[in-house]
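Let me begin by presenting the structure, written as structure tokens, before commenting on it.
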Amino acid sequence: MDLNLVRQELQKLLKEKLVPIALECDEKGEFPIEVYNAVADAGYGSIYLPEEYGGGGSLDGLLVVMEEFSKISPAFALSTMSSFQLFGYNIAHLGTPQQKEKYLKPLIQDRKIGCWALTEPDVGSDAVHVKTTSKRDGDFFIVNGSKTFITNAPIADFFIVIANSGGKGFDSGNAFILEKGMQGLSVSKPFKKHGHRSSPTGQVYLDQVRVPKENLLGTEHKAFYDMKHSLDIERLMVGPMIMGTLKTLIEKSVIYAYSRQQFGQPILTFQLIQEKIARMRMHLEMVTAATEKAVHSLKQGHSIKSLATALKLYAAKVGVEMASEAVQIHGGNGYTHEYGVEMFLRDAKLLEIGGGTSEMMLQILAKDTIKDVGKKFGVI
Amino acid sequence: MKIAVLVKQVPDTETKIVINANKNGIDESNIKYIVSPYDEYAIEEAIKIGGETTVISMGPDRCIESIRTALAMGIQKAIHIDTQGKSYDSYQTAAALAKVIKDGGFDLVLTGKQGIDYDNGQVTQMAAELSGASQVMVIDKLTINGDKAKVERRIAGGSKEVYESGFPLFLGCEKGLNTPRYASLPGIMKAKSKPIEKKSADELLGGATALVEFTNFELPPERAAGKRIEGEPPQQAAQLVKLLREEAKVI
Chain Y
1 MDLNLVRQEL QKLLKEKLVP IALECDEKGE FPIEVYNAVA DAGYGSIYLP
51 EEYGGGGSLD GLLVVMEEFS KISPAFALST MSSFQLFGYN IAHLGTPQQK
101 EKYLKPLIQD RKIGCWALTE PDVGSDAVHV KTTSKRDGDF FIVNGSKTFI
151 TNAPIADFFI VIANSGGKGF DSGNAFILEK GMQGLSVSKP FKKHGHRSSP
201 TGQVYLDQVR VPKENLLGTE HKAFYDMKHS LDIERLMVGP MIMGTLKTLI
251 EKSVIYAYSR QQFGQPILTF QLIQEKIARM RMHLEMVTAA TEKAVHSLKQ
301 GHSIKSLATA LKLYAAKVGV EMASEAVQIH GGNGYTHEYG VEMFLRDAKL
351 LEIGGGTSEM MLQILAKDTI KDVGKKFGVI
Chain U
1 MKIAVLVKQV PDTETKIVIN ANKNGIDESN IKYIVSPYDE YAIEEAIKIG
51 GETTVISMGP DRCIESIRTA LAMGIQKAIH IDTQGKSYDS YQTAAALAKV
101 IKDGGFDLVL TGKQGIDYDN GQVTQMAAEL SGASQVMVID KLTINGDKAK
151 VERRIAGGSK EVYESGFPLF LGCEKGLNTP RYASLPGIMK AKSKPIEKKS
201 ADELLGGATA LVEFTNFELP PERAAGKRIE GEPPQQAAQL VKLLREEAKV
251 I
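Listed in order, the protein sequences are those of chains Y and U.
Residue 39 in my numbering sits at position 39 of the first sequence, with consecutive numbering throughout.
Residue 143 in my numbering sits at position 143 of the second sequence, with consecutive numbering throughout.
Here's what the structure looks like:
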């Protein structure tokens, strides 16, 4: 895949369609559906989906696309990823040929929007204890419960819903593919949020939804194993999202500090400002290096669980810190909406919460590290 | 119909131009190159018309990037005229292009009204003349009907000229002709396997020698700071007239 050409053509598209409206969409809390459609039509959304269904099959391409979206609107990156990755990739990875025909093709070729629903009002990090139930009834499963904080739920055509299967422990998850319009399935209005305001987040209500057994995704009872790979990719995506964010903030900060005069000179000449810029660059390089390593490992077929976890933890943290520094460089102007800097701070904050909180990332890293050392020395 | 699209690779419009040490050109390091924007209208028009489409670009190896852009947008095949590190003036470029176009038997040759780097605006007309074809420049409407093409170009005062021509025909495209598409992802993937034929510029020249030599490049002088005229409108107007007459000497 010619990644330079992908970047060049995508930049052209986004410059014309997303750049002029990104700030306004953030302010009004509106999803830029026209841009989503343009990106879907041009095939950039499905860049990591299988070629046989019209996708591009390129993980490197996905990074380019996520970074370019995030340079302008991390919220647009998030919604697009939720549709094409969290929904699309799981169908591509786990679906039967019939499921791919029915759900993957329209996603890739017909502007359909997908979402992936795990979190519940009472269950987030403790995913194995989801309270949504699924009970077999002949050729159907009856699904009951509710989901919350689901990216794209208010606008989705297709849903992957994780429910309790009645099994034990880790073997207690079922994943189902649901469609808008199914009896008993409804969604809330978009939440009003601190950041990622143009990415619609909402609740999913499941009231005696009769799901045909053909819509069971993956193996019965095994949803919590099946989802692991997709979670790695989701965490990995925080890398390019923060890379895009930092690249924009660095450019904006240097240009602003060059033109902003105080005490008769550009503030760019002050070392305290330069220090902030140096740190932004340092973290950009680190996030880039970790992202590239994770992609390399994934291509070699190695597990990236620990690396993706560390990457998400690190990138989200420096994203928030550096976006705050960028606002600081812009001073009072940076605190206004018009300068398009504080949006990145609000957007970055989500990445410390969504897709697994930073606390969970730390806990996973601690557990895995202790286990590794314990295994090596035959202790613990 | 056999259509050729002539594409030039030029520095991005946002490039900060730096003159090279010899002052006979620009410093090409750190420049991001793009397809000359007017050429994009030519590419789009060729794709819309359909038939057998070929993109032709003359320049160093890097101009293959621009060729790939055209292929990714939907042009079927390409010819790269490799300049192998040498520079050619408009006349030589036109001579090399004319040879390729004549040999290729193209009916319609589309290109931008001018390259946006040197803005010479000469190559298309000269190449048309050298290949014995008709040409109309700065067109913003094209209709093809059998063996005739009807083209329109805007002229001063909001009027337009309408031409009808047979083929072979060279057309220089202007903004407004169409809206160039972005290359789609499938387009980019297909572009990889589309053929790019390589030809040597030197061999195509047929002995044409340069008529123009670049000897000295200078950046335009820095614009002087503006002058603010204070006061009430009648005084401002009087002051402005005085400045235009005495300082600017334009009235």
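All residues carry an ideal CB built from backbone N, CA and C; glycine is no exception.
Quiz item: In chain U, which residues lie less than 7 Å from Y44/Y when you measure between Cβ atoms?
Solution: Near Y44/Y (Cβ distances below 7 Å), the residues of chain U are L185.
Practice problem: Starting from the N-terminal side, write out each stretch of the alpha helix (DSSP H) that is 4 residues or longer and does not extend beyond the region 198 to 230 of chain Y. | Solution: Along the length of the region 198 to 230 of chain Y, whole alpha helix (DSSP H) runs at least 4 residues long occupy 223 to 226, reported in chain order.
Exercise. Could you check if N164/Y is buried or exposed, using at least 16 other CB atoms within 10 Å of its CB as the buried criterion?
Key: Buried, since its Cβ has 16 or more Cβ neighbours within 10 Å.
Self-check item: In DSSP terms, what K2/U is bridged to
Solution: DSSP, once it has assigned bridges, lists E52/U as partnering K2/U.
Self-check item: Nearest-angstrom Cα separation, counted from K199/U out to L78/Y
Solution: So the two alpha carbons sit approximately 46 Å from each other.
Quiz item: Do F176/Y and F141/Y come within 8 Å of each other at the CB atom, strictly closer than that value?
Solution: It is a contact, given that the beta carbons lie within the stated cut-off.
Practice problem: Determine the extent of the alpha helix (DSSP H) in which D103/U is found, giving its start and end residues. | Solution: The continuous alpha helix (DSSP H) containing D103/U extends over residues S90 to G104.
Self-check item: Touch test, the region 64 to 80 of chain U against the region 187 to 201 of chain U, Cβ-Cβ under 8 Å, three pairs minimum
Solution: Verdict: yes, contact present.
Practice problem: Taking the CB atoms as reference points, tell me whether S57/U and Q135/U lie closer together than 8 Å. | Solution: No, these two residues do not count as a Cβ contact at 8 Å.
Quiz item: What is the C-beta distance between M1/Y and G56/Y, in whole angstroms, given that I count them as a contact (C-beta under 8 Å)?
Solution: About 6 Å separates the CB atoms of M1/Y and G56/Y; that is less than 8 Å, so the two are in contact.
Practice problem: Assign F170/U to one of three DSSP states: helix, strand, or coil. | Solution: In the three-state reduction of the DSSP assignment, F170/U falls in the strand class.
Quiz item: When the Cβ atoms of the region 211 to 231 of chain U are set against those of the region 84 to 91 of chain U, are three or more pairs found closer than 8 Å?
Solution: Touching, yes, given that three or more Cβ pairs across the two stretches are closer than 8 Å.
Practice problem: May I ask you to verify whether the region 91 to 108 of chain Y touches the region 203 to 223 of chain Y, counting CB pairs closer than 8 Å and requiring at least 3? | Solution: Three or more beta-carbon pairs drawn from the region 91 to 108 of chain Y and the region 203 to 223 of chain Y are found closer than 8 Å, and the two stretches are therefore classed as touching.
Quiz item: Expressed to the nearest angstrom, what Euclidean distance is found between the alpha-carbon atoms of V138/U and L249/Y?
Solution: V138/U and L249/Y: Cα-Cα distance of roughly 41 Å.
Quiz prompt | Inter-residue Cα distance where the pair is I81/U and T54/U | solution = The straight-line gap from Cα to Cα measures roughly 13 Å.
Quiz prompt | Same chain, Cβ closer than 7 Å to H283/Y, five either side skipped, listed in chain order | solution = Around H283/Y: L246, V318 and M322.
Quiz item: When you check each C-beta in the region 67 to 84 of chain U against every C-beta of chain Y, which residues fall closer than 9 Å?
Solution: Under the 9 Å Cβ criterion, the region 67 to 84 of chain U contributes R68, T69, A72 and M73.
Quiz item: When the Cα atoms are used, what is the spatial distance from F31/Y to C25/Y?
Solution: A straight line joining the alpha-carbon of F31/Y with that of C25/Y spans about 6 Å.
Self-check item: Chain-ordered chain U contacts of V6/Y [CB-CB under 8 Å]
Solution: The contacting residues are L185 and I188.
Quiz item: Is any beta-carbon of chain Y found at less than 8 Å from that of K175/U?
Solution: Not one chain Y Cβ lies under 8 Å of K175/U.
Quiz item: Listing by chain order, which chain Y residues have their CB less than 9 Å from the CB of K192/U?
Solution: Taking a Cβ-Cβ threshold of 9 Å, the residues of chain Y close to K192/U are M1 and D2, in chain order.
Quiz item: Could you give the distance in angstroms between the alpha-carbon of K32/U and the alpha-carbon of D171/Y?
Solution: Spanning the two alpha carbons is a distance of roughly 54 Å.
Quiz item: Is there a Cβ from chain Y that is less than 8 Å from the Cβ of L41/U?
Solution: This sequence places Tyr at residue 41/U; Leu is not what is there. The C-beta of Y41/U comes no closer than 8 Å to any C-beta of chain Y.
Practice problem: Using beta-carbon positions only, say whether P106/Y and I155/Y come within less than 8 Å of one another. | Solution: Contact annotation: P106/Y and I155/Y have beta-carbon atoms that are not nearer than 8 Å.
Quiz item: Which same chain residues, not among the five before or five after R153/U, have their C-beta less than 6 Å away from its C-beta?
Solution: Short of 6 Å from the beta carbon of R153/U, and not among the five residues preceding or following it, lie these beta carbons of its own chain, in chain order: V138, I139 and E161.
Quiz item: Given that Y182/U touches chain Y, what residues does it touch there, using C-beta distances under 7 Å?
Solution: The contacting residues are E9, K12, L13 and A42.
Quiz prompt | Length of the line joining the Cα atoms of D202/U and I79/U | solution = Taking the straight line from one Cα to the other gives about 15 Å.
Exercise. Determine, using beta carbons only, whether G202/Y comes closer than 8 Å to chain U.
Key: Under the Cβ criterion of 8 Å, G202/Y is not counted among the residues facing chain U.
Quiz item: For G56/Y, is the beta carbon positioned less than 7 Å from some heavy atom of the ligand MN?
Solution: Among the ligands in the structure shown, none appear at all, so the ligand MN cannot be discussed.
Self-check item: Segment limits, beta strand (DSSP E) that includes G112/U
Solution: Element bounds for G112/U: L108 to G112.
Quiz item: Can G355/Y and K312/Y be called in contact, C-beta distance under 8 Å?
Solution: Contact flag set, yes.
Self-check item: Contacts around G169/Y, its chain only, beta-carbon distance under 8 Å, and the 5 residues preceding and following it disregarded
Solution: Closer than 8 Å at Cβ, skipping near neighbours: V128.
Practice problem: Check the Cβ of I255/Y against every Cβ in chain U and list those closer than 8 Å, keeping chain order. | Solution: Near I255/Y there are no residues of chain U at all, since even the closest Cβ is about 13 Å away, more than 8 Å.
Quiz item: Applying a beta-carbon distance threshold of less than 7 Å, which residues of chain U neighbour G56/Y?
Solution: Chain U residues near G56/Y: L185 and M189.
Practice problem: State the Cα-Cα distance for the pair D157/Y and Y258/Y, rounded to the nearest angstrom. | Solution: Going from the Cα of D157/Y to the Cα of Y258/Y covers about 47 Å.
Quiz item: What did DSSP end up calling L10/Y once you bin it into helix, strand or coil?
Solution: L10/Y: helix per DSSP, three-state reduction.
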